[in-house]
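Take a look at the structure below.
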Amino acid sequence: MAMTVELIVVSLFVVLAVAGGVMAARSRQILYNIIGLGISLFGIAGLFLQLGSPFVAAMQLLIYIGGIVVAIVFAMMLSMPMAIDPPARSLPKTIFAAIGSGLFLAGLVGLLNNTTFETRPTAGDEAWAVSRIGNALLEHYNLVFEALSVVLLLAIIGAILIARRDRTPA
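Quick note, our numbering runs 11 ahead of the 1-based positions in the sequence shown.
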């Protein structure tokens, strides 16, 4: 198989997503776990971009990396310092987890190899235009859009209350 530029870019984004996930799962420092999550989400956003969904990639960057990861860092800064050492990993549990993960991966690979996937024609660039998505949000999905604004308002009020909790009332 010839290595095209597109295949190399997709491979780099996959490696970035997997490496970030491994960093998030294996690190013993909470900040490094959060950084690993951000790296993994960035790799996934790159995959969305390569799959022809620039809007979903932008939302992945803005909402998940710009919002969720920053909110987790904010929550970490507000919480108590991590002075307790994590429990030691036992060898039997590690071996059992490795065997279980390997069996799951083998089953998943076998399932994917024996499954035929139906291909569909692409929707084109016009279907993913930001103006069409905005019109759909405001015309067809108005209730969902309004519910989302209420949830965001409640999140802002909650953040203000958390930030003011330590101060004495005026």
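Glycine included, each C-beta is placed from N, C-alpha and C at the ideal position.
In this structure, how does DSSP classify residue i when only helix, strand and coil are distinguished?
i, result
"N124", "helix"
"Y43", "helix"
"L62", "coil"
"P103", "helix"
"R37", "helix"
"M70", "helix"
"Y75", "helix"
"A140", "coil"
"M14", "coil"
"S90", "coil"
"E129", "coil"
Can you have a look at residue i and say buried or exposed, based on whether 16 or more other CB atoms are within 10 angstroms of its CB?
i, result
"G183", "The shown model of the chain, from 12 to 181, leaves out residue 183, and the question about it has no answer."
"L52", "buried"
"G49", "buried"
"Q71", "buried"
"I19", "exposed"
"G118", "exposed"
"G113", "exposed"
"G31", "buried"
"A68", "buried"
"G169", "exposed"
"A28", "buried"
"I45", "buried"
"G187", "The question about residue 187 has no answer here: the residues shown for the chain are numbered 12 through 181."
Is residue i close to the ligand MN? I mean its beta-carbon at under 8 Å from any heavy atom of the ligand.
i, result
"L116", "With respect to small molecules bound, the structure shown includes none, and the ligand MN cannot be examined in it."
Between the segment 44-63 and the segment 12-27, are three or more C-beta pairs nearer than 8 Å? yes
The segment 69-80 / the segment 143-156 touching (three or more Cβ pairs under 8 Å): no
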